[in-house]
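Each residue of the sequence shown is one higher than the one before, starting from 229 at the first, in this note's numbering.
Using N, Cα and C, we set each Cβ at its ideal position, and we do this for glycine too.
All values derive from a computational prediction rather than experimental measurement.
Report on one structure; see the data block that follows.
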Amino acid sequence: MTARTTGHFDQLYAGNVDPWNTRESWYEQRKRAIVAAILPRQRCTTIFEPGCGSGELTLHLAERCQRMMASDFCEEAVRITRDKTAHLPHVEVRRQALPEQWPVPPHDAPEFELIVFSELCYYFDAPQMAEMATLAAGSLAQGGHLLACHWKKEFDDRLLATRPMHQLIDAHARLKRQACYEDEDILIDLWRKT
């Protein structure tokens, strides 16, 4: 993430604790329901959600695991998510800039059974996105899953369109696509580490 992007997100959160209305918007509610339905397991040991934002999806994912790690590069987003999950001792929220500070198992984190890229990857260019796919594959337990869900429509600060970013993940040799959901608004893909 660039300094420009950091300042942009700091401004967004300074004016609103939920800049994208993730709690109330129908798009976000629907997305959480589709994500919940597409996951292959009812429960996981460990989940990682980089780019957790204001933590609405984090709360839902936390119900499905024994240990959850969420992160964001924006200090205010981290504070909001920590407040929302303070009653959940199995949830850890970190401030991390990606891809530079990706948690590498076994030193910084356990291997993950599930990694979720939700509304995150727009802010990476193609080489960074390929690196994110490699980091995710390296951090997944054998047979673990990577899920990516992104809005398809254009907006100003997007660096990559949704389909090309998912194709960069799809190109990784150790990730095999298991499921896909798509409509006019959203693309959700699920890969399994082979």
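query = Between which two residues does the alpha helix (DSSP H) harbouring S253 extend?
reply = Within the sequence shown, numbered from 1, the residue matching residue 253 stands at position 25. No alpha helix (DSSP H) holds S253; DSSP gives it neither H nor E.
query = Ordered along the chain, which non-local residues of its own chain (more than five positions away) have a Cβ less than 7 Å from that of R251?
reply = As a working mapping, residue 251 is identified with position 23 in the sequence shown. Close CB contacts of R251 within its chain, under the 7 Å cut and outside five residues either way in sequence, are with E284 (chain order).
ask   = Counting pairs of beta carbons, one from the stretch 293-306 and one from the stretch 323-332, are three or more of them closer than 8 Å?
value = Because the criterion of three Cβ pairs below 8 Å is met, the stretch 293-306 and the stretch 323-332 touch.
ask   = Can you tell me the Cα-Cα spacing of R402 and P333, whole angstroms?
value = Within the sequence shown, numbered from 1, the residue matching residue 402 stands at position 174. Within the sequence shown, numbered from 1, the residue matching residue 333 stands at position 105. Straight through space, the alpha carbons of P333 and R402 are spaced by roughly 17 Å.
key: Nearest-angstrom beta carbon gap, C280 and E341 [assumed within contact, 8 Å]   = By 1-based counting over the sequence shown, the position of residue 341 is 113. By 1-based counting over the sequence shown, the position of residue 280 is 52. Actually they do not touch by this definition, with Cβ atoms about 17 Å apart.
query = What three-state label does DSSP hand G279 in the structure shown?
reply = For this step, residue 279 is matched to residue 51 along the sequence shown. DSSP places G279 in coil when its eight states are reduced to three.
key: Every unbroken beta strand (DSSP E) inside the stretch 328-411 [3 residues or more]   = Segments of the beta strand (DSSP E) lying fully in the stretch 328-411: 340-346, 368-379, 403-410.
message = Which residues does DSSP list as the beta-bridge partners of K259?
response = On the sequence shown, position 31 is the one that residue 259 refers to. In the DSSP output, where bridge partners are listed per residue, K259 has none listed.
inquiry  = So, with DSSP's three-state summary, where would you put E284?
reply    = If you number the sequence shown from 1, residue 284 lands on position 56. In the structure shown, E284 adopts helical secondary structure according to DSSP, grouped into three states.
request  = Could you have a look at T230 and say whether DSSP puts it in helix, strand or coil?
outcome  = For the purposes of this step, residue 230 is identified with residue 2 of the sequence shown, where counting begins at 1. The pLDDT assigned to T230 is 47, lower than 50, so where the model puts this residue is not dependable; a value taken from the coordinates is nonetheless given after this. The three-state secondary structure of T230, taken from DSSP, is coil.
Straight-line gap, E410 to P392 (C-alpha atoms, nearest Å) = Residue 410 sits at position 182 when you count from the first residue of the sequence shown. Residue 392 sits at position 164 when you count from the first residue of the sequence shown. Near 14 Å, if we compare the C-alpha coordinates of P392 and E410.
inquiry  = Give me, in chain order, the residues of the same chain whose beta-carbon lies closer than 6 Å to that of R420; leave out the 5 immediate sequence neighbours on both sides.
reply    = The residue labelled residue 420 in the question sits at position 192 within the sequence shown. Correct list, in chain order: H373, K404, Q406.
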